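This report concerns only the one structure given below.
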Amino acid sequence: MLSRLELTHDRCIKTVLPPLLDNIPISINGSLTPKDLFTIILGTSTAKLSIHSIGKQYHNTPCKTSMRYHLHKIDFDQLIENNAKILLQSSHKTLDSSKKYDLAIDYTNDPYYGEANSVNENYVIRGQAKKSTNSFYSYISLCIINKYST
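Take the sequence shown: its letters are residues 1 to 150, numbered as in full-length UniProt numbering.
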């Protein structure tokens, strides 16, 4: 029987951090580095925490105001442009073209209660009413299932 592969905080950060550093340029003055910033954000998200709880959960981390300040420096259009590079960079090392893989695809419509405007009009879709709204942020998640990885 195959052992179950568990996605840990460390493994997630190890996989996701290099593509972020390679594809999202961000200038930071002071002792905080882009690697520190992304590591803290990834650690916070994998622990299902928010930026508000960083100082309460971790020692020697920047305050939430500093984290937000640096995150706002990331250009959203550049992030969208580099999205494919970020998502595919680590998978190129994972996938072997001589093997078969199962793919798990999840199509999600998250209810959106605000108004569509010039900032979000490309991301908000209209659909069948659900939870008192017809507007949704729609996205697709793809998971590559590698049964024989350890």
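Just so it is clear, CB atoms sit at the ideal spot from N, CA and C, and this is done for glycine as well.
Computed from a predicted model, the values in this text were never measured in an experiment.
- The beta-bridge partner set that DSSP reports for isoleucine 144 consists of Leu103.
- DSSP places alanine 129 in the strand class (E or B) of the three-state scheme.
- Secondary-structure assignment with DSSP links serine 135 through a beta bridge to Arg126.
- The criterion of a C-beta distance shorter than 8 Å is satisfied by proline 19 and isoleucine 86.
- Residue burial is scored here from C-beta neighbours: isoleucine 140 has fewer than 16 other C-beta atoms within 10 angstroms and is therefore classed as exposed.
- Residue burial is scored here from C-beta neighbours: serine 27 has fewer than 16 other C-beta atoms within 10 angstroms and is therefore classed as exposed.
- Per DSSP, the unbroken alpha helix (DSSP H) holding valine 16 starts and ends at 9 to 23.
- Boundaries of the alpha helix (DSSP H) harbouring aspartate 36: 34 to 46, taken from the DSSP string.
- The beta-bridge partner set that DSSP reports for aspartate 110 consists of Tyr137.
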